[in-house]
Amino acid sequence: MEHVWTVLQAAFPVYCIIGLGILLRKLKVLTEEMDKGLMLLVVHLLLPSLILVNIVGNEALMDVGLVAWAAGLGFVFVAGGFLVGYLSGGLLGLKKGGGKRTFAVSTGIQNYGYMAIPLMAALFPGGNGLGVLLTHNVGVELALWTVGIAMLTGELKPSLKMFLKGPIVAVVVALSVNWLGVSGSIPGSVTNVFTMLGNCAVPIALLTVGTTIYDLMQKASFDWRVSLGGTVVRLFVIPAMMIGAVAMLPVTLELKQVIIVQAAMPAAVFPIILARHYGGRPDVAVQVSVATNVLCVITMPLVVAAGIHFVL
């Protein structure tokens, strides 16, 4: 019960800011015209700044083995999530062309960044865990842009452009600085610039999550197979698999903490955009995202508490 209360306290600011984003969209303070600029700001400046601050000089990430484990598990768990979602979609009666592929991608990938980062910082403060989480997310991105796109389209056509994204480049640069042994040469004034920018990343990103949820709820239809099935797969089945696996793996404490937090996350919002772009079923992605983001208020504390009990 103590862990549940801790998670609720940690999650409270996250949901407050998301709720504020919903309200600001409803009041037309944050309009749709602002969405693209805000997201570009977060993805290409603020989030890379947060990554640089938390990885450069992070002693845990001087270990190449830990970096490989973190990114590798990020890839494997999401790719495995896509497979679980695909098989579950078939059991629910979804067909190719009828939402099965979109269901797989929507349930398979969690909200691995904007909600996970503040929860990680609140639950496990003062350590190297946040840097490990950001490295883990590189593997998640790789799984999304290879296995996820292949799942949606039926074709695998990876390109270099897919990987030239601000967060991935920032992780590569930060790890290179660590491994070259020059992290101590960076002036404190430069670090302060990135710290100030990085501190803006999560609040602004959570506001945009709120505006997106508001938009989705205006358009969401209801199919019990998709909404209920997506909730069971994303909030129960996949978390159980992730926690069970990491409990048996010989990984560091920080990486175990990261996987516990990731396991508790709801479905990501980004598959909605991918479904639109790659000819999937956006309505299916909307239902999975809305249902899991609403119900994870209840399940998230329980999953984290279970993870702490069985893994740590």
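Numbering (the numbering used here), first residue to last: 1046 to 1357.
By construction, the Cβ of each residue, glycine as well, lies at the ideal position given by its N, Cα and C atoms.
All values reported here derive from a predicted model rather than from experimental measurement.
Residues 1243 and 1246 of the same chain have their beta carbon placed closer than 6 Å to that of residue 1095, with the five preceding and five following residues left out of the count.
Contact annotation: residue 1161 and residue 1307 have beta-carbon atoms nearer than 7 Å.
The three-state reading of DSSP puts residue 1312 in strand, counting E and B together. Excluding five sequence positions before and after residue 1133, the CB atoms of its chain that fall closer than 6 Å to its own CB belong to 1278, given in chain order. Going by DSSP, residue 1323 is part of no alpha helix (DSSP H) at all; its letter is neither H nor E.
In this structure residue 1064 touches residue 1255 by the C-beta definition: roughly 6 Å separates them, less than 8 Å. A distance below 8 Å between beta-carbons, with the five flanking residues on each side excluded, links residue 1093 to the following residues of its chain, in chain order: 1211, 1212, 1214 and 1215.
By the C-beta criterion, the stretch 1126-1145 is judged not to be in contact with the stretch 1293-1311, since fewer than 3 inter-stretch pairs fall below 8 Å.
For residue 1351, the enclosing alpha helix (DSSP H) stretches over residues 1327-1356. Comparing alpha carbon positions, the residue from 1229, 1163, 1156 and 1353 closest to residue 1292 is 1353.
Within the DSSP secondary-structure output, residue 1155 pairs in a beta bridge with 1312.
In this structure, residue 1054 keeps its C-beta atom at 7 Å or more from the C-beta atom of residue 1169. If you check the CB distance, residue 1300 and residue 1115 come in under 7 Å.
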